[in-house]
Amino acid sequence: MPLRLLKYGLSKDYPVTGDIPATPDLKSSYDVVIVGGGGHGLACAHYLSKYHGITNVAVLEKGYLAGGNTARNTTTIRSNYITKEGIAFYKEGVQLFEEMSGELDFNVMFSQRGQLTLAHTEATLRSFHLRAEMGKHAGTNIEVVDAQTVKELSPHLNMDEGGPLEIIGGLWHADGGTARHDAVAWGYAAQAARRGVEIHQRTEVEGFDIEAGNISRVRTNRGTISAGQVMIAVGGMNYDMALKAGVELPIRCFPLQAMVTQPLKPWLHTLVSSVSLHTYLVQSSRGEIVIGGGSDPYQLYSTRSTLDMKEHLAEGATHLFPFLHGVRLLRQWAGITDMTPDYSPIMGASPLKNLWLDCGWGTWGFKATPVAGKYMAQTIANQKVAPILEPFTMERFASFDLLNEMGATAASH
Amino acid sequence: MKILTCPMNGPRNINEFQSFGPLKESPDPDTTSGQDWARHLFRANNTRGVIVEWWRHVPSNYFFLAERNATTNEVIRTFDPSELEVTQ
Chain A
99 MPLRLLKYGL SKDYPVTGDI PATPDLKSSY DVVIVGGGGH GLACAHYLSK YHGITNVAVL
159 EKGYLAGGNT ARNTTTIRSN YITKEGIAFY KEGVQLFEEM SGELDFNVMF SQRGQLTLAH
219 TEATLRSFHL RAEMGKHAGT NIEVVDAQTV KELSPHLNMD EGGPLEIIGG LWHADGGTAR
279 HDAVAWGYAA QAARRGVEIH QRTEVEGFDI EAGNISRVRT NRGTISAGQV MIAVGGMNYD
339 MALKAGVELP IRCFPLQAMV TQPLKPWLHT LVSSVSLHTY LVQSSRGEIV IGGGSDPYQL
399 YSTRSTLDMK EHLAEGATHL FPFLHGVRLL RQWAGITDMT PDYSPIMGAS PLKNLWLDCG
459 WGTWGFKATP VAGKYMAQTI ANQKVAPILE PFTMERFASF DLLNEMGATA ASH
Chain B
291 MKILTCPMNG PRNINEFQSF GPLKESPDPD TTSGQDWARH LFRANNTRGV IVEWWRHVPS
351 NYFFLAERNA TTNEVIRTFD PSELEVTQ
């Protein structure tokens with residue numbers, strides 16, 4: 099055995115070829131330029147190359163693949179939203195996660211363990227009834243459950259009976275789950291690259307040349323390229339990037355912080371969140387308890403972590419699961435979220451004819467990685483916005499057709 | 291803990307304050323177009339540089355303005371809204 103291992107180590111089969119090819123030189127022209135090598139951009143590249151036969155595609159990433167908000171989110175996958183347009187869209191997102199490992203031939207570690215949102219007040223419970231009925235109407239798996247069922251679903255919870263934060267019921271979303279964020283991005287990247295999509299890491303877009311309402315060229319730190327169609331999907335940098343093309347997005351940027359504890363044996367078998375405590379918890383496949391909450395309370399472009407937010411999240415987590423009080427924090431981080439006024443994304447057309455937006459993903463982007471990629475690819479291939487994306491147009495902010503998901507997003511994950 | 295200096299109450303812990311977002315000029319409701327109203331409602335200064343924004347000291351319900359760098363989070367100055375009217 100050691101001899102075979104040594105032979106293998108010295109043979110030309112080793113090291114094995116990586117999934118992502120090295121960054122090639124930029125060509126002078128591409129049919130599609132995708133700005134942003136995160137989950138959304140890579141998913142779009144995959145769908146363009148596999149289902150629309152468009153392979154002359156460049157994905158431009160300023161840093162390394164999936165190192166922005168794809169790496170910084172807390173990987174919640176769910177469709178328990180409140181508007182019918184939102185639910186229809188996110189529902190397909192969940193379904194695409196169910197099939198993803200097969201689609202990509204890459205284990206994305208999708209774990210559909212269900213999401214339990216806790217109600218501590220009658221008002222919250224009423225809003226849960228609305229969300230449950232909207233969800234059932236759209237065919238998702240969602241129901242309001244009583245305190246006894248909450249206890250059965252998550253036996254370690256402190257029910258705080260008779261206390262100020264007594265758990266009086268919950269919203270049980272059996273479709274909810276989690277997946278490995280790197281695997282999702284790498285799976286899409288590997289598939290796209292295999293079909294000829296070029297992935298350019300360390301390639302920063304510095305500006306756009308605009309002629310007659312079209313982007314004619316994209317200027318990067320590695321040279322200028324001409325582009326047939328351009329998509330922007332750069333997470334927290336969307337506002338700045340769109341501004342380079344003269345498009346002012348209705349976006350304000352806020353940091354979103356999260357943290358993980360040291361690894362523990364598996365004990366938390368669902369995703370648990372509390373609207374009143376602005377805290378949610380999920381146990382990762384490594385055993386770490388991932389703890390997240392709402393965005394920071396004021397506009398900022400800094401990914402620093404604050405003691406205030408750590409204290410707040412720790413307070414919420416130890417209230418729900420008091421035995422966590424002795425558990426140590428392992429890591430903490432923050433991402434910049436591009437928040438829209440109605441807590442729904444901006445997808446589809448822009449004022450420029452060949453510029454397509456996949457922006458405004460705020461704190462809710464990871465779960466939409468496959469479905470946004472699928473329909474943005476369809477939109478770009480047909481140069482016509484896919485019907486499922488039409489409600490998410492930027493124009494809704496001019497016509498007051500908002501998609502208010504405020505109660506079903508952010509702190510109430 | 292970050293300290294914010296309230297023009298009325300002096301230096302206070304930042305969690306006594308609530309942010310109300312960047313200062314915007316209100317359009318005239320009689321003459322402005324629907325498009326400009328929408329713009330006023332949904333667009334805000336999201337620059338990485340210095341922004342002027344509304345804050346409220348919650349216990350005293352006092353509204354004031356702050357100049358703050360949105361990248362470094364440095365508060366340059368805080369002032370009463372009457373100062374704004376004087377400078378304009």
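The listed protein sequences derive, respectively, from chains A and B.
Residues in the first sequence are numbered from 99 upward in steps of one, following this note's numbering.
Residues in the second sequence are numbered from 291 upward in steps of one, following this note's numbering.
Think of the CB as a built atom: it goes at the ideal place given N, C-alpha and C, for glycine as much as any other residue.
Across the structure, A:Ile478 and A:Gly424 are spaced so that their CA atoms are roughly 51 Å apart.
Residue state for B:Phe332 is assigned as helix, using DSSP reduced to three classes. Membership of A:Glu241 in the beta strand (DSSP E) is indicated by the continuous run 241–244.
In terms of CA proximity to A:Leu428, A:Thr359 leads the group A:Thr359, A:Asn171, A:Arg229, A:Ala120. A residue is called buried once 16 or more other Cβ atoms fall within 10 Å of its Cβ, and A:Tyr112, having fewer, is exposed. At the C-beta level, A:Gly392 and A:His376 come within 7 Å of one another. The beta carbon of B:Trp344 is closer than 7 Å to those of Phe310, Gly311, Leu313, Phe353, Leu355 in its chain, skipping five residues each way along the sequence.
Annotation for A:Ser252: Leu214, Thr368, Val370 place their beta carbon closer than 7 Å to its own, counting only its chain and skipping 5 residues before and after. Residue burial annotation: B:Ile366 is exposed, with fewer than 16 other C-beta atoms found within 10 angstroms of its C-beta.
The contact set of B:Ser309 on chain A, defined by CB atoms closer than 8 Å, consists of Pro395, Tyr396, Gln397 in chain order. Under the 10 Å beta carbon count, A:Gln481 is surrounded by fewer than 16 other beta carbons and is classified as exposed.
Proximity of the segment 324–333 of chain A to the segment 172–189 of chain A falls short of the contact definition, fewer than three beta-carbon pairs being nearer than 8 Å.
Proximity of chain A to B:Thr361 at the Cβ level (cut-off 7 Å) is accounted for by Tyr399, Ser400, in chain order. Ranking A:Val242, A:Ala221, A:Thr222 by CA distance to the CA of A:Glu231 puts A:Val242 first. Per DSSP, the unbroken alpha helix (DSSP H) holding A:Pro100 starts and ends at 100–108. Runs of the beta strand (DSSP E) lying entirely within the segment 274–359 of chain A, each at least 3 residues long, are 296–298, 303–309, 312–318, 321–330, 350–359 in chain order. For A:Cys457, the closest Cβ of chain B is not nearer than 7 Å. Counting C-beta atoms within 10 angstroms of its own C-beta, A:Ala291 has 16 or more neighbours from the protein chains shown and is therefore classed as buried. At a cut-off of 7 Å, the C-beta of A:Phe490 has no neighbouring C-beta in chain B. Under the 7 Å criterion on CB atoms, A:Tyr337 is classed as interfacial with respect to chain B. Less than 7 Å divides the Cβ of A:Ser177 from the Cβ of A:Val192. Check the Cα spacing between A:Gly135 and each of A:Phe498, A:Asp499, A:Asp456, A:Asn502: the tightest is with A:Asp456.
In the DSSP assignment, B:Arg346 falls within the unbroken beta strand (DSSP E) covering 340–347. Closest option to A:Asp436, judged by alpha-carbon separation, among A:Ala143, A:Ile349, A:Met357, A:Tyr378: A:Ile349.
Judged by DSSP secondary structure, A:Gly471 falls within the alpha helix (DSSP H) whose first and last residues are 467–480. The segment 211–225 of chain A and the segment 294–304 of chain A do not touch, with fewer than three beta-carbon pairs separated by less than 8 Å.
Neighbours of B:Phe332 across chain A, judged by C-beta separation under 8 Å: Pro348, Pro439, Phe495. Excluding its 5 nearest sequence neighbours in each direction, B:Thr361 has C-beta neighbours in its own chain below 6 Å: Arg338, listed in chain order. In the three-state scheme derived from DSSP, where H, G and I count as helix and E and B as strand, A:Ala156 is classed as strand. Against A:Cys142, chain B offers no close residue; the least beta-carbon distance is about 24 Å (beta-carbon pairs closer than 9 Å).
Beta-bridge analysis with DSSP links A:Cys457 to A:Ile444. Among the bridge pairs identified by DSSP, B:Thr362 is matched with none.
Per DSSP, the continuous alpha helix (DSSP H) segment holding A:Phe187 begins and ends at 182–202. Leaving aside the five residues that flank A:Leu398 on each side, the residues in its chain whose CB is nearer than 6 Å to its CB run, in chain order, Pro353. By the rule that beta-carbons nearer than 7 Å mark a contact, B:Arg338 touches chain A. Under the Cβ criterion of 7 Å, B:Ala356 is not counted among the residues facing chain A.
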